[in-house]
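Student: Each residue of the sequence shown is one higher than the last, beginning at 1 in the UniProt record's numbering.
For glycine and all other residues, C-beta sits at the position ideal for the given N, C-alpha and C.
One structure is given below, represented as C-alpha cells, and several questions about it will come after.
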Amino acid sequence: MTGVLRWGRVEVTGGFLLLGALLIYLDRSGLTLWAAVSIFFHELGHVAALKLWGGRVALVRLSCVGVELRQAAGGPGSPLARAAVALAGPLASVGLAFGAAGLGERFYLLAGLSLGQGAFNLLPLPVLDGGRALEALAGRQVSGVLAAVTGLLLITAGVCLLVQYENPTLLLTGLWLTLPAGIWKREKIPCNWGKGVIEYRSLNKGWSSAA
Numbered sequence: 001m002t003g004v005l006r007w008g009r010v011e012v013t014g015g016f017l018l019l020g021a022l023l024i025y026l027d028r029s030g031l032t033l034w035a036a037v038s039i040f041f042h043e044l045g046h047v048a049a050l051k052l053w054g055g056r057v058a059l060v061r062l063s064c065v066g067v068e069l070r071q072a073a074g075g076p077g078s079p080l081a082r083a084a085v086a087l088a089g090p091l092a093s094v095g096l097a098f099g100a101a102g103l104g105e106r107f108y109l110l111a112g113l114s115l116g117q118g119a120f121n122l123l124p125l126p127v128l129d130g131g132r133a134l135e136a137l138a139g140r141q142v143s144g145v146l147a148a149v150t151g152l153l154l155i156t157a158g159v160c161l162l163v164q165y166e167n168p169t170l171l172l173t174g175l176w177l178t179l180p181a182g183i184w185k186r187e188k189i190p191c192n193w194g195k196g197v198i199e200y201r202s203l204n205k206g207w208s209s210a211a
C-alpha cells in the first residue's frame with residue numbers, strides 16, 4: 001500500500017510520520033511526549049481487556065488522526081465484554097493520571113493529559129469509548145438519543161465559543177465527532193457484533209473485525 005510502512009501487525013502511515021515530526025519540531029514544553037505516553041497507556045488498557053475476554057488484535061494502525069486497533073474475528077461478543085473492552089481505555093487513562101500525579105510536579109502535565117483523555121472518551125458518542133460501552137449495554141436506541149443530544153450540545157457550545165472568543169476549536173471538534181459518525185443517521189453505522197462485522201473508530205483508536 002502506497003504511503004504505508006508495515007512491521008508485522010503494525011502499520012504506520014506517511015501522515016502520522018509527518019504530523020509527528022511537525023509536533024516534535026514545534027513542541028517546546030514536552031507536551032507531545034507526554035501525549036504519546038498517555039495514548040499508549042489508554043490503548044494498552046483496551047488491548048489488556050480484549051485479551052482478558054479472549055480476543056486478540058489483528059492490526060495496529062497509526063495515522064494522522066490517531067491509533068486504530070483492529071480486532072481479529074471471534075473476539076468478545078457479549079454486551080458486558082464489549083462494554084468492558086471499551087471502558088478499559090478510559091480506566092487506564094484515569095489510573096495513569098493518579099499514578100503520575102503521585103510522582104510529583106514533574107509529572108503533572110502527564111496526569112492532566114491522561115485525566116482529560118479518559119474523561120473525554122467517556123462522552124456518549126459512537127466514535128468514543130463511552131458511546132460504544134453505552135450501546136453495548138443499553139442498545140442503539142438509547143445510545144442514539146444520548147449521542148444526538150451530546151453532539152448537539154457540543155456543536156452549540158462550539159458556536160457560542162466561536163462567536164464570543166473567535167475560537168473554532170470546540171465547534172470543529174464537535175463536527176468532527178458527530179457528522180462522520182452518522183449520529184443523525186445511525187442506521188448507517190455498522191455494528192453487527194459477533195456476527196461478521198465489528199467496527200469502532202474514535203479520535204485515537206478503532207476496532208474492526210470481519211469474520
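For E105, count neighbouring Cβ atoms within 10 angstroms of its own Cβ and tell me buried if that reaches 16, exposed if not.
Tutor: It is exposed - the Cβ of E105 has fewer than 16 other Cβ atoms within 10 Å.
Student: In angstroms with no decimal places, state the Cα-to-Cα distance between G158 and W53.
Tutor: Whole-angstrom Cα-Cα distance: 38 angstroms.
Student: Below 8 angstroms between beta carbons: does that hold for P90 and L122?
Tutor: For P90 and L122, yes; Cβs fall inside 8 angstroms.
Student: Closest to L31 by CA distance: which of G15, G112, E11 and A138 is it?
Tutor: Nearest C-alpha to L31: G112.
Student: Grab me the residues of A100's own chain with a C-beta within less than 6 angstroms of its C-beta, minus the 5 sequence neighbours each way, in chain order.
Tutor: Contacts found: F107, L110 and A111.
Student: Check whether the Cβ atoms of L62 and R56 lie closer than 8 angstroms to each other.
Tutor: Not in contact: L62 and R56 (Cβ atoms no closer than 8 angstroms).
Student: Using the Cα positions of A86 and G139, report the straight-line distance between them to the nearest angstrom.
Tutor: Going by the C-alpha atoms only, they are around 15 angstroms apart.
Student: How should A21 be labelled, buried or exposed, when 16 other C-beta atoms within 10 angstroms of its C-beta is the threshold for buried?
Tutor: So A21 ends up on the exposed side.
Student: CA-CA distance, A88 and E68?
Tutor: If I take the Cα positions, the gap works out to 15 angstroms.
Student: Return the Cβ separation of P124 and G118 in integer angstroms, given the expectation that the two are a contact with Cβ distance under 8 angstroms.
Tutor: In fact, because the Cβ distance is near 15 angstroms, the residues do not count as touching under 8 angstroms.
Student: According to the Cβ coordinates, are A81 and A58 closer than 8 angstroms?
Tutor: Result no, Cβ atoms of A81 and A58 do not sit closer than 8 angstroms.
Student: Identify whether V10 lies in helix, strand or coil by the three-state DSSP scheme.
Tutor: Correct three-state label for V10: strand.
Student: Work out the CA separation of L177 and P168 for me, nearest whole Å.
Tutor: Approximately 14 angstroms, taken between the alpha carbons.
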